[in-house]
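Below is one structure, written out as structure tokens; the observations come after it.
Number of protein chains: 4
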Amino acid sequence: MAVTAMPRARFSEAEWRTRVDLAACYRLIDLFGWSDLINTRTTARIPGPAEHFLINRFGMLYDEVTASSLIKIDSEGNNVEPSDEPVNRGGFTLPAVVHRARPDVACCIHTHTVAGCAVSMQKDGLLPLNQHALQVIGDIAYHDYEGTGRSDGERSRFLADFGDKHIMVLRNHGLFVIGRTIAEAFIATTGWSGPARCSWPFSNPVRRSIR
Amino acid sequence: MAVTAMPRARFSEAEWRTRVDLAACYRLIDLFGWSDLINTRTTARIPGPAEHFLINRFGMLYDEVTASSLIKIDSEGNNVEPSDEPVNRGGFTLPAVVHRARPDVACCIHTHTVAGCAVSMQKDGLLPLNQHALQVIGDIAYHDYEGTGRSDGERSRFLADFGDKHIMVLRNHGLFVIGRTIAEAFIATTGWSGPARCSWPFSNPVRRSIR
Amino acid sequence: MAVTAMPRARFSEAEWRTRVDLAACYRLIDLFGWSDLINTRTTARIPGPAEHFLINRFGMLYDEVTASSLIKIDSEGNNVEPSDEPVNRGGFTLPAVVHRARPDVACCIHTHTVAGCAVSMQKDGLLPLNQHALQVIGDIAYHDYEGTGRSDGERSRFLADFGDKHIMVLRNHGLFVIGRTIAEAFIATTGWSGPARCSWPFSNPVRRSIR
Amino acid sequence: MAVTAMPRARFSEAEWRTRVDLAACYRLIDLFGWSDLINTRTTARIPGPAEHFLINRFGMLYDEVTASSLIKIDSEGNNVEPSDEPVNRGGFTLPAVVHRARPDVACCIHTHTVAGCAVSMQKDGLLPLNQHALQVIGDIAYHDYEGTGRSDGERSRFLADFGDKHIMVLRNHGLFVIGRTIAEAFIATTGWSGPARCSWPFSNPVRRSIR
């Protein structure tokens, strides 16, 4: 798409607003130092009757994402419009589980920060050691690591583990946060980040079997 | 207020100097990496017979604060002048306790740095392990965490715990520093920051009851 | 060489592409914070029948390296073209061992990052504590520290320890990564960096004899 | 001194070169993140028969120091030329001990880095855990902390503890490095910095009596 194109005209007002907010979210994640090259993703639901979602173009760094470059996909990760843009369908697996099962979830943010990964490696997870932690600790779920392949069985366990929480610690992996708006998911990620950074050196990790 | 307004004309010389110093203090806190988005605050007393104070406009980031944007409030957190600017009255609770009880205190700086929070989570607090620590350790008070609601009883205990010290470790929370001038409070915060950064990985935290 | 020279004309297309990629690799290593002044190096094989390699000019910082400033050497570290540019022949010792023995290796990246050195100081090396670690842990070799002098015996042990892995932890020293392309070696270094940063504070180092 | 003055004309060639190198050293210390506001100092001997030294103007930050702003003092810390520039005589105490006793020492660098302070707080000091450490460990001396007042007795013990080493760990305080040139002292500080940053989280500090 040429720089001189007028992308906004191609989208409904609702889709355009979602694109702008989601692109801003990618940029903020980069600004806060939470990105991991191309290895995580943030997805958002486009309001409306169709089950359409936005995701970053595979291979694009977080500080490169723009409103227009986001790709519209259905709940299976297929391109909605004819496109030769690459989609990270494997990366959409986990967000898709949540987006399909919970229409109230507008946004999924998945991160691999050093502090977040380190707390995810600790047997006790985030401890209630300070006020920052108290603000999020009641909203944290945990999901055990089952390997990189996602089976149907794991999808069910993942949703069950989530329950009604917004912050999911993917044990020995990272963080997965959901929100009813993009802003809510971002704020929850921020709320997790503070206590994680204070706490991560304090506990001992547990060596877990990977089978 | 328009950018072209001449704000200084609206203020007494004493108030204007306090505004400039306090805004500089907000900017320095940001520059030193001690800010926590909109979650802490710094307040200053305006010299003069009236019990008036300055606080940041709620929602403004530390690197956005200007001398003119600071809001004048009384010791209850009410706007002194007609204004629709939002005031973080909950955030003024703790500074108000100090400002009302101790006219000698010109400035309260409250921070949530990673090192400061981490030391606040340690049973022994700051240990006398190096020369930096010796320079402040005699001036440090500790106040146990009692939850997010501030009762009258806690206000009394908070003042009693402070005694004649300038640096208060809010256990399992963060730091609260006072000074007879804005500069003094800033320097004391700096003096705490060095030993906290050297020391925080060394002690074990204690899990505290939050009731 | 004057700035106005047209360096590309002096090189074959294959050499020029290797120069551009290797210089980009030096710049990326600097950008990611993995450089250590002039104390490590990255080398690349120039495709073709001759056993020629590129290395940085000794004394040049990583953010100063350019495609044209790289020096062409043979497998003994001798300048291939008449030149008074200094070559770090001692620094080429270890890469030379790999480049001579394994024609499939196009690039060697040697780093001394804080996290990488710290993990190299730990008895158990990198632990399988998170998904990042799982992505590289099967591709990691370990070589015990034998001192700064490199004997013929050590060269054999170094190659034997490497086996068919791409990531070598030089115990009590740092990291040595190889790839069939410059990009592959860089990506493997990136893949190591994440779990190393999450893991390094968790294990206890072991004091090793240096004889 | 006005910006338009030609400071160089006021100085001998030897003094001017020392000024330029020492100012560069201050700037590099700031660039490497080793400065501590106005709380440390670096001093250099001006070559020549007179026992004259250069020190930063008290109150100037490291990134503000210029060749012309450095102050010329004698071995007692007195201004050599009529000047109303403030000299940190207390801060010159320790460098003066070395400069007077050892004419071979051209430069003293005193720092309070987080990693350096943290290692200084550890009973065993820097451990021989990696190659970086091996490069400096034979050149490290230790001096126990005796408080902030420097007695004649301590000066003797300080020199005796230094022996013929270049890197002095001031226990529970920081680092003091000397060199026969400004560059040598800077390189030695760099050589210490790497292993200190790798090692500081690994050992347990010891609580020392401060009397």
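Chains as they are written, first to last, in this note's numbering: chain A, -2 to 208; chain B, -2 to 208; chain C, -2 to 208; chain D, -2 to 208.
Ideal Cβ positions, reconstructed from N, Cα and C, are used throughout, including at glycine.
As the structure is a prediction and not an experimental result, all values here were calculated from the model.
**OP:** Taking only beta-carbon positions, decide if I207(B) is within less than 7 Å of chain D.
**Re:** Here residue 207(B) refers to the residue found at position 210 of the second sequence. Bear in mind that a pLDDT of 31 at I207(B), under 50, signals an unreliable position, so the model cannot answer this.
Original post:
Counting Cβ pairs, one atom from each stretch, are 3 or more of them under 8 Å apart for the region 25 to 40 of chain C and the region 53 to 66 of chain C?
Top reply: yes
Original post:
Can you tell which of C195(D), R177(D), R7(D) and E82(D) has its C-alpha closest to the C-alpha of L126(D)?
Top reply: Sequence index remark: in the fourth sequence, residue 126(D) carries index 129 (1-based). Here the closest residue by C-alpha is C195(D).
**OP:** Determine which residues of the region 106 to 135 of chain C have a Cβ less than 8 Å from any Cβ of chain D, and write them out in chain order.
**Re:** H109, V111, C114, A115, S117 and M118
Original post:
Bridge partners of C104(C), per DSSP?
Top reply: Counting from 1 along the third sequence, the entry for residue 104(C) is found at position 107. Paired residue(s): A41(C) and G176(C).
**OP:** Might you give, ordered along the chain, the residues of its own chain that have their beta carbon closer than 7 Å to the beta carbon of G160(A), omitting 5 neighbours on each side?
**Re:** Your numbering for residue 160(A) matches position 163 in the first sequence. Cβ neighbours of G160(A) beyond the five flanking positions: A138.
Subject >> Enclosing alpha helix (DSSP H) for V166(C) [first to last residue] >> reply: Walking along the third sequence from the start, residue 166(C) turns up at place 169. Unbroken run through V166(C) is the beta strand (DSSP E), I164 to L167; no alpha helix (DSSP H).
Original post:
When the cut-off is 7 Å and only beta carbons count, does C195(B) lie next to chain D?
Top reply: Along the second sequence, read from residue 1 onward, the residue named residue 195(B) stands at position 198. At least one chain D Cβ lies under 7 Å of C195(B).
Original post:
Can you tell me whether DSSP reads L51(B) as helix, strand or coil?
Top reply: Translated into the one-based positions of the second sequence, residue 51(B) becomes position 54. Three-state DSSP puts L51(B) in a strand.
Original post:
Does the Cβ of R208(C) have 16 or more other Cβ atoms within 10 Å, making it buried, or fewer, making it exposed?
Top reply: Counted from its first residue, the third sequence places residue 208(C) at position 211. For R208(C), the pLDDT reaches just 29, beneath the cut-off of 50, and the residue's location in the model is therefore unreliable, leaving the point undetermined.
**OP:** Note down, one range per segment and in chain order, each beta strand (DSSP E) of at least 3 residues found wholly within the region 109 to 156 of chain C.
**Re:** 137 to 140
**OP:** Please state if the CB of I184(D) and the CB of V174(D) are separated by a distance shorter than 7 Å.
**Re:** Position 177 of the fourth sequence, counting from 1, holds the residue named residue 174(D). Position 187 of the fourth sequence, counting from 1, holds the residue named residue 184(D). Not closer than 7 Å, so no.
**OP:** Report the residue from R5(A), I26(A), C22(A) and F8(A) whose alpha carbon sits nearest the alpha carbon of H109(A).
**Re:** Position 112 of the first sequence, counted from the first residue, corresponds to residue 109(A). Checking every option, the nearest Cα to that of H109(A) belongs to I26(A).
Original post:
Can L67(B) and R5(B) be called in contact, C-beta distance under 7 Å?
Top reply: Working through the second sequence from its first residue, we reach residue 67(B) at position 70. Working through the second sequence from its first residue, we reach residue 5(B) at position 8. Not a contact, by the Cβ cut-off of 7 Å.
Subject >> Cβ shell of F8(B) (< 7 Å), same chain only, five flanking positions each side left out >> reply: Taking the second sequence and counting its residues from 1, one reaches residue 8(B) at position 11. Closer than 7 Å at Cβ, skipping near neighbours: R16.
**OP:** Report the option in L131(B), Q128(B), Q132(B) and D121(B) whose CA atom is closest to the CA atom of H140(B).
**Re:** Taking the second sequence and counting its residues from 1, one reaches residue 140(B) at position 143. Across the set L131(B), Q128(B), Q132(B) and D121(B), the C-alpha of D121(B) shows the shortest separation from the C-alpha of H140(B).
Original post:
Apart from the five residues on each side of it in sequence, which residues of its chain come closer than 7 Å, Cβ to Cβ, to Y23(C)?
Top reply: Numbered from 1 along the third sequence, position 26 holds the residue referred to as residue 23(C). Counting only Cβ-Cβ distances below 7 Å, and skipping sequence neighbours, we find T39, N53, Y59 and V62.
Original post:
So who's on the other strand from I68(A), going by DSSP bridges?
Top reply: For this step, residue 68(A) is matched to residue 71 along the first sequence. Paired residue(s): I52(A).
Subject >> Beta-carbon contacts of W13(B) that lie in its chain and below 8 Å, excluding the five residues immediately before and after >> reply: Here residue 13(B) refers to the residue found at position 16 when the second sequence is read from its first residue. Once the five neighbours on either side are set aside, the close Cβ partners of W13(B) are R5 and A64.
Original post:
Which value, in whole angstroms, describes the spacing of the CA atoms of V111(B) and W189(B)?
Top reply: Looking up residue 111(B) in the second sequence gives position 114. Looking up residue 189(B) in the second sequence gives position 192. Distance between the alpha carbons of V111(B) and W189(B) is about 13 Å.
Original post:
Does the distance from the C-beta atom of L167(B) to that of G113(B) stay below 7 Å?
Top reply: Residue 167(B) sits at position 170 when you count from the first residue of the second sequence. Residue 113(B) sits at position 116 when you count from the first residue of the second sequence. The answer is no: Cβ separation not under 7 Å.
Subject >> Simplified DSSP assignment, three categories, for G188(A) >> reply: Walking along the first sequence from the start, residue 188(A) turns up at place 191. Correct three-state label for G188(A): helix.
Original post:
What are the residues that DSSP puts in a beta bridge with N76(D)?
Top reply: In the fourth sequence, the residue the question calls residue 76(D) occupies position 79. DSSP lists I70(D) as partners of N76(D).
Subject >> D18(D): first and last residue of the uninterrupted alpha helix (DSSP H) it sits in >> reply: Translated into the one-based positions of the fourth sequence, residue 18(D) becomes position 21. Residue range E10 to L28 is occupied by the alpha helix (DSSP H) that includes D18(D).
**OP:** Using 10 angstroms around the beta-carbon of G191(C), count the other beta-carbons present and answer buried if the total reaches 16, otherwise exposed.
**Re:** For the purposes of this step, residue 191(C) is identified with residue 194 of the third sequence, where counting begins at 1. Under this definition G191(C) is a buried residue.
Original post:
Going along the chain, which residues of its own chain have a beta-carbon closer than 6 Å to the beta-carbon of G30(C), five neighbours each way excluded?
Top reply: Position 33 of the third sequence, counting from 1, holds the residue named residue 30(C). Result list for G30(C): empty, nothing under 6 Å.
**OP:** Grab the span of the alpha helix (DSSP H) containing A98(D) for me, first residue to last.
**Re:** As a working note, residue 98(D) is residue 101 in the fourth sequence. Run containing A98(D): R86 to A98, per the alpha helix (DSSP H) assignment.
Original post:
Counting contacts by CB-CB distance shorter than 7 Å, is N169(D) in contact with chain B?
Top reply: Translated into positions along the fourth sequence, residue 169(D) becomes position 172. It does: the Cβ of N169(D) has a partner Cβ on chain B nearer than 7 Å.
Subject >> Whole-angstrom distance between L124(B) and N169(D), CA atom to CA atom >> reply: Looking up residue 169(D) in the fourth sequence gives position 172. Looking up residue 124(B) in the second sequence gives position 127. Spanning the two alpha carbons is a distance of roughly 11 Å.
**OP:** Taking a Cβ distance cut-off of 9 Å, strictly less, list which residues of the region 180 to 192 of chain B are near chain D, in chain order.
**Re:** T187, G191 and P192
Original post:
How would you call A98(D), buried or exposed, if buried means at least 16 neighbouring beta carbons within 10 angstroms?
Top reply: Counting from one through the fourth sequence, the residue named residue 98(D) turns up at place 101. The residue in question, A98(D), is exposed, as its Cβ has fewer than 16 Cβ neighbours within 10 Å.
Original post:
With a CB to CB cut of under 6 Å and the five nearest residues on each side skipped, what residues in its chain are close to E82(B)?
Top reply: Here residue 82(B) corresponds to residue number 85 of the second sequence, with the count starting at 1. Same-chain partners within the cutoff: R54 and I68.
Original post:
How long is the line joining the alpha carbons of A21(D) and L34(C), rounded to whole angstroms?
Top reply: In the fourth sequence, counting from the first residue as 1, residue 21(D) sits at position 24. In the third sequence, counting from the first residue as 1, residue 34(C) sits at position 37. Using only the alpha carbons, I get a separation of about 17 Å.
**OP:** Alpha carbon to alpha carbon, how far is N85(A) from E73(A)? Give it in angstroms, no decimals.
**Re:** By 1-based counting over the first sequence, the position of residue 73(A) is 76. By 1-based counting over the first sequence, the position of residue 85(A) is 88. Roughly 11 Å between the two C-alpha positions.
**OP:** Using a Cβ-Cβ cut-off of less than 9 Å, give me the residues of the region 15 to 40 of chain C that come near chain D, in sequence order.
**Re:** D33, L34 and N36
Original post:
Any idea which residues DSSP pairs G160(C) with across the strands?
Top reply: If you number the third sequence from 1, residue 160(C) lands on position 163. None, per the DSSP bridge assignment.
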